[in-house]
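One structure below.
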Amino acid sequence: MNPDTKRLFVFGGLTGVFLIPLSVLYWITRSSIWLNILMLTPAAAVLLTRLLTKEGWKDLYIKPYWKGKTKWYLMAYLFTPVLAYAGVALYFALFPEQFSPLKSSFYLQSGAAGAQEYEEILLTTIPAAILINPLTGLVSCLGEEWAWRGYLLPKLCGNMSMTQASLLTGVIWGAWHAPVIAAGFNYGAEHPVGGILAMLVFCTVLGIIEAYLFFQTGSVWGPTLFHAAVNGIDLWTPQTLFTGGEGNPFIGPNLTGVIGGAGLLIAAVFCLMGIVRLQHKQAVKAR
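Residue numbers for the sequence shown follow the numbering used here, beginning at 1354 and rising by one.
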């Protein structure tokens, strides 16, 4: 067994050590504080793995490379909401009866706001979800991305193709979510197995995009910005903003649904094609 394979086993074991107790605490309390802590633990697993295996501190991928790469960071930050809301728009185009933000929104039903007040809420909330919310989640998203894209992905690339490594990293990332998904996060507690399978697909889709951003920038900050942009929208979900709680977490309008997340799915297809092209270029150079 080569050293990198051993390190991956240590890394995997450490992520499990953190995952199990924090998932139990979330299951018991349903408090998001445990989820926020959990997002930081993959990075802690990387640090401990490097220390325990005496790997050192090379190839951290923390430094952002700006020269010729700025467009990728801007796209991750600003184009992600366009992709996200494209899926949301498609959902409401298919199910127009559910689009009633000024009649049946959660905010109006709860009495938290009147119709005029809610119009103002929408005009401020959506821009905030696009521009401000991602900044508040950068640290927690870095906690995941430094591990999955900055550590696991490069290690897997040493043993398989870039395409295979990108897909497998997404699947592993999705499986890591399984305990909190089974507890009801994202998809509800009624269908735990279906929720876990859906999260595997969702994380694989996001993971392809994040892997492509990582390969293009050579830094974890590209995928981190993308991850934060997606999570920023999820702070005020489309279901909460635009409906009275209608919708299906497996379908939409939220990004976790197959239609609500259609924009991200299409982007993942193009990114996967991009990874294949990058892989081909590397193979040509190696000849």
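Where a beta carbon is used, it is the ideal one built from N, C-alpha and C, also for glycine.
Item                                                                                                                : Value
Among Trp1425, Leu1505 and Leu1378, the one whose alpha carbon lies nearest that of Gly1366                         : Leu1505
For Ala1446 and Glu1599, the rounded distance between their alpha carbons                                           : 15 Å
Check whether Gly1627 and Tyr1540 have beta carbons under 8 Å apart                                                 : no
Minimum length 3: unbroken beta strand (DSSP E) runs contained in the region 1398–1443                              : none
CB contact flag (Phe1371, Thr1394, <8 Å)                                                                            : yes
Of the listed residues Tyr1426, Leu1405 and Ile1562, nearest to Thr1570 (C-alpha basis)                             : Tyr1426
Thr1368 beta carbon near the ligand ADP (any heavy atom closer than 7 Å)                                            : As presented, the structure is devoid of all ligands, the ligand ADP included, so that no description of it is given.
Helix, strand or coil at Gly1627 according to DSSP, with G and I counted as helix                                   : helix
Spatially closest choice to Ile1381 from Gln1517, Ala1536 and Leu1391, by CA coordinates                            : Ala1536
Boundaries (first-last residue) of the alpha helix (DSSP H) holding Thr1522                                         : Met1515 to Trp1529
Within 8 Å, strictly: CB atoms of Leu1578 and Tyr1444                                                               : no
Beta-carbon separation (whole angstroms), Thr1590 vs Asn1607, contact threshold 8 Å                                 : 5 Å
Exposure label - Trp1529; buried when at least 16 CB within 10 Å                                                    : buried
Distance between beta carbons of Gly1440 and Gly1585, contact taken as under 8 Å                                    : With a Cβ gap of about 15 Å, Gly1585 and Gly1440 do not count as contacting.
Three-state secondary structure assigned by DSSP to Asn1601                                                         : strand
Short Cβ contact (8 Å threshold) for Glu1543 with Met1392                                                           : no
Where Ala1446 sits in the DSSP three-state scheme                                                                   : helix
Own chain residues within Cβ distance below 6 Å of Gly1421, not counting five before or after                       : none
Thr1609 and Ala1551 closer than 8 Å at C-beta                                                                       : yes
Run of the alpha helix (DSSP H) containing Val1541, from where it starts to where it stops                          : Note that residue 1541 is Gly in the sequence shown here, rather than Val. First-last for Gly1541: undefined, no H or E at that position.
Short Cβ contact (8 Å threshold) for Val1573 with Tyr1414                                                           : yes
Three-way DSSP call (helix, strand, coil) for Cys1612 in this model                                                 : The question names Cys, but residue 1612 is Ile in the sequence shown. In the structure shown, Ile1612 sits in coil (DSSP, three-state: anything other than H, G, I, E or B).
Contacting residues, own chain, Cβ-Cβ under 8 Å from Val1583 (five flanking each side not counted)                  : Thr1433, Ala1437, Leu1559, Leu1608 and Leu1617
Helix, strand or coil at Ala1536 according to DSSP, with G and I counted as helix                                   : coil
Close-in-space but distant-in-sequence residues of the same chain around Ile1619 (CB under 6 Å, 5 per side omitted) : none
Other residues of its chain near Asn1389: CB distance less than 8 Å, five sequence neighbours each side excluded    : Ser1493
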